[in-house]
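Residues 31 to 584 in my numbering are what the sequence shown spells out, letter by letter.
By construction, the Cβ of each residue, glycine as well, lies at the ideal position given by its N, Cα and C atoms.
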Amino acid sequence: MIRPDQWSPADGLSLEPNALRAVRETDHNLALTAGPGAGKSEMLAQRADFLLRTGACRYPSRILAISFKVDASQNLRARVAKRSGHELSGRFDSHTFHAFSKRLIDSFRLALEGDEALDPDYTIGAHRVQGKSITFGDMVPLATKIVATSLIARNAIQSTYRFVFLDEFQDCTGEQYELIRSSFVGTSTRLIAVGDTKQRIMGWAGALDGIFRTFATDFEARPLNLYQNFRAQPRLRRMQNAMIKVMDPPAAVDDRDLPGNGGEIEIWEFESDDAEAQVIASKIKSWIEEEGVRASEVAILVSKQQHLYCQKLYKRFRDEGIPYREEDAAQDLASEPACSLVLDFLLVVSRSSQPEPFRRLLDLIVFSQGLDDEAEYRQRSRWDRFIASTEKKIAERKIQLDKERDLTELVSDLVDLVGKDIVVSLSSDYGYGTRLAEVLAATTDRVLALLEREKDVSKALASFSGDQAVRVMSIHKSKGLEFNSVIVLGVENETFWGKKDEERAAYFVAVSRAKHRLVLTTCETRARPEKANQWKVNRTQQKEFLGYAEAYSA
31 MIRPDQWSPA
41 DGLSLEPNAL
51 RAVRETDHNL
61 ALTAGPGAGK
71 SEMLAQRADF
81 LLRTGACRYP
91 SRILAISFKV
101 DASQNLRARV
111 AKRSGHELSG
121 RFDSHTFHAF
131 SKRLIDSFRL
141 ALEGDEALDP
151 DYTIGAHRVQ
161 GKSITFGDMV
171 PLATKIVATS
181 LIARNAIQST
191 YRFVFLDEFQ
201 DCTGEQYELI
211 RSSFVGTSTR
221 LIAVGDTKQR
231 IMGWAGALDG
241 IFRTFATDFE
251 ARPLNLYQNF
261 RAQPRLRRMQ
271 NAMIKVMDPP
281 AAVDDRDLPG
291 NGGEIEIWEF
301 ESDDAEAQVI
311 ASKIKSWIEE
321 EGVRASEVAI
331 LVSKQQHLYC
341 QKLYKRFRDE
351 GIPYREEDAA
361 QDLASEPACS
371 LVLDFLLVVS
381 RSSQPEPFRR
391 LLDLIVFSQG
401 LDDEAEYRQR
411 SRWDRFIAST
421 EKKIAERKIQ
431 LDKERDLTEL
441 VSDLVDLVGK
451 DIVVSLSSDY
461 GYGTRLAEVL
471 AATTDRVLAL
481 LEREKDVSKA
491 LASFSGDQAV
501 RVMSIHKSKG
511 LEFNSVIVLG
521 VENETFWGKK
531 DEERAAYFVA
541 VSRAKHRLVL
551 TTCETRARPE
561 KANQWKVNRT
571 QQKEFLGYAE
581 AYSA
C-alpha cells in the first residue's frame, strides 16, 4: 500500500489534468464525459489501480464495474489486471448489467415472492414460465425488485462495493438506471459514470444531457470532461491537439506538453485509385511480414460507402494473400457475439496457437461469472477437459470440422457446456425468438463454406476472425477502437462532403484511432465503382484536414 501522493499512473502513461482528477477523486460522485480517443477505459483502469494501491478501497471492500457489452467488460478487467496485478485486481468485479443482475438474482432469489418466485434451478429462455424460467428482459427488473424490497440484499451490495464504475453510461436504459439508483443512491459508495453525451465535438463542453443530467442530480455528481488522447504516440497527439485548438480551444494543451518524436504521419498522393490500391496492399504486406504488425492491428477507414471505395483494394488484398474483413454490422456475421464464441472455440481446438481467442473464452466461461474459488476451479477443469477431448477427437478424425453433421453437433456441445444463460447474455437479441439459433446456423454454414476452399482451419477463418484480418470499416464503425496503423482513405472534398463541423468531428475520430502510424491518402481520379449511383471521378484534396497533418508528417 502506498500514500496517494506517491501514486503515479501505471506503465508510465500520462493523463490530462481532468483525467487525474477523476482517478484520484474519493469524496464525490463524478459524471465524466469524453470525446473519441480520450481513453475512458484506460482512465477507469488507472482509477482502479489508484483505489486499490492506496487503500482508498481497503480490503475486503471491492470495486464494481458495469459495462453494456461483454467485450467491454472483459477489456476493462484485463486492463486492471495488467495495471494492478493478480492479487489486487481480484477485488475488481467487471460485469455487464445482465451478468450483475443474474448474480443478484442467484444470491437473493428467496427475496422474490408470489408470481416472481424462482426455483433454485431456474433457467433463462425465450418465455417466462412461473418459477421455472425467466426471459433475458426479466433479469434487470427482477434484480431491481430484489434490491428495492430486501434490506439484506441492499446492505450486502453496499457493504461489498466501496466504488462503482459505470462505463458507456450514455447507453443506460431507464430500467438499468433504476437498478443503480435503488442500489446506491444516498449511500457512501462513490460512483463514476463515464461516456459520451454528444456525437459532435462542439457539444462536449456543453451542459450534461439525458441520463447524465439525471445521474448528476440524483447522486450530486460533479461533471468533468476529457478531450486528450493519451493512447497515441506524441507526433499523432500533437496533430490531434491542432484539431482541438480549432474545435474546442480551452481543451487544447501546449505542444510543449506533448514532447517526443514517436509515431508516424504520412500523406500519400496518387493519380488514380488503381495506384492507391497497389501501394496500400504492398505497404500493409510489408508491415505484416517485415515489421511484425498483426493484420488485425491495421485498419482502413473510409468516411462513407467503404464497399464502393475499396473494391480495387479488396482485389489487391486477395491477390497478395492479405486477409481482410469488412466491418459492416448489417452484413458481417462475425460481429455477432455468438459467432465470435464459435470462431474462438474452433481456433483453440484447431491448435492455431493464438492466445487471444483462448483468453476471451476463459474470461467468458470462467472468470466473468462471479464464481467462488472452488466453483471457478471446477468450471476451469470442466472446460479444460472439454478442450482436450475435442482436440483429440479432431486429431483422430472422429470429428471432422468440414462435415456439416460433425460441426453442427460440436457447436451444440459448445453451447451446452458454456451454458445457454451465458450465451443468451451475450446479446439481448438472443433472449427472444429464434435469433440465437439463426446466428449459430449461419456461422456453421459460413465455416463450412470456408473449409471447402481451405482445409487449414486457422487459414480458413483468417477473413472471418477479427484477430487475423485487416479491418476495413466506416469511420462511424471505428468509434471506440484503436489500431497500431490506420489508413484514412480518400481525404478529399468529395468524400467529406457534409456539414463542416460534423465532418471535422468524424475526421478527428478517424485520426485518433491510430496509436503508432497514421496514413492519409488522396487521389486525383477515382473510377466509378460497380453499383455506384452518384460518383465524382475527378477528386480534390481536403486541404484543411490534410493541413493538420502536414506540420507533423515525417
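- In the structure shown, residue 162 adopts extended strand secondary structure according to DSSP, grouped into three states.
- Between residue 477 and residue 376 the beta-carbon gap is near 7 Å, inside 8 Å, which marks them as a contact.
- DSSP lists 502 as the beta-bridge partner residues of residue 356.
- Residue environment for residue 187: buried (at least 16 other C-beta atoms within 10 angstroms of its C-beta).
- Membership of residue 95 in the beta strand (DSSP E) is indicated by the continuous run 92–97.
- 290 is the residue among 290, 331, 469 whose C-alpha sits nearest the C-alpha of residue 263.
- Distances from the alpha-carbon of residue 165 to those of 173, 171, 172, 155 put 155 closest.
- In the DSSP assignment, residue 61 falls within the unbroken beta strand (DSSP E) covering 60–64.
- The residues 350, 352, in chain order, have a CB closer than 7 Å to that of residue 315 in the same chain once the five nearest residues on each side in sequence are set aside.
- When the five nearest sequence neighbours on each side are left out, the beta carbons in the same chain lying within less than 6 Å of the beta carbon of residue 176 are those of 134, 138, 141, 183, in order along the chain.
- Under DSSP, residue 571 forms a beta bridge with 522.
- Here residue 150 is exposed: its Cβ has fewer than 16 other Cβ atoms, across all protein chains shown, within 10 Å.
- Looking at the DSSP output, residue 295 shares a beta bridge with 548.
- Per DSSP, residue 83 is one residue of the alpha helix (DSSP H) stretching across 70–84.
- In the DSSP assignment, the residues bridged to residue 328 are 515.
- Put simply, the backbone Cα of residue 326 is about 47 Å away from that of residue 180.
- By a beta-carbon distance limit of 8 Å, residue 93 contacts residue 78. Their separation comes to about 6 Å.
- Between the region 558–577 and the region 520–535, the count of C-beta pairs closer than 8 Å reaches three or more; the two stretches touch.
- Counted as a single uninterrupted DSSP element, the beta strand (DSSP E) harbouring residue 126 occupies residues 122–126.
- In the three-state reduction of the DSSP assignment, residue 150 falls in the strand class, which pools E and B.
- Taking one beta carbon from each stretch, the region 189–200 and the region 211–225 have 3 or more pairs nearer than 8 Å; the two touch.
- In the structure shown, residue 483 adopts helical secondary structure according to DSSP, grouped into three states.
- Annotation: the continuous alpha helix (DSSP H) that includes residue 387 extends over 385–392.
- Per the coordinates, the alpha-carbon of residue 225 lies some 6 Å from the alpha-carbon of residue 64.
- With contact defined as three or more Cβ pairs closer than 8 Å, the region 509–527 and the region 404–420 are not in contact.
- The beta-bridge partner set that DSSP reports for residue 282 is empty.
- In the DSSP assignment, residue 222 falls outside any alpha helix (DSSP H) and lies within the beta strand (DSSP E) extending over 220–225.
- Non-local C-beta neighbours of residue 441 in its own chain, meaning closer than 7 Å and more than five positions away in sequence, comprise 372, 470, 474, ordered along the chain.
- Taking the Cα positions, residue 419 is about 53 Å away from residue 556.
- Counting every other CB atom within 10 Å of its CB across the protein chains shown gives residue 311 a total of 16 or more, marking it as buried.
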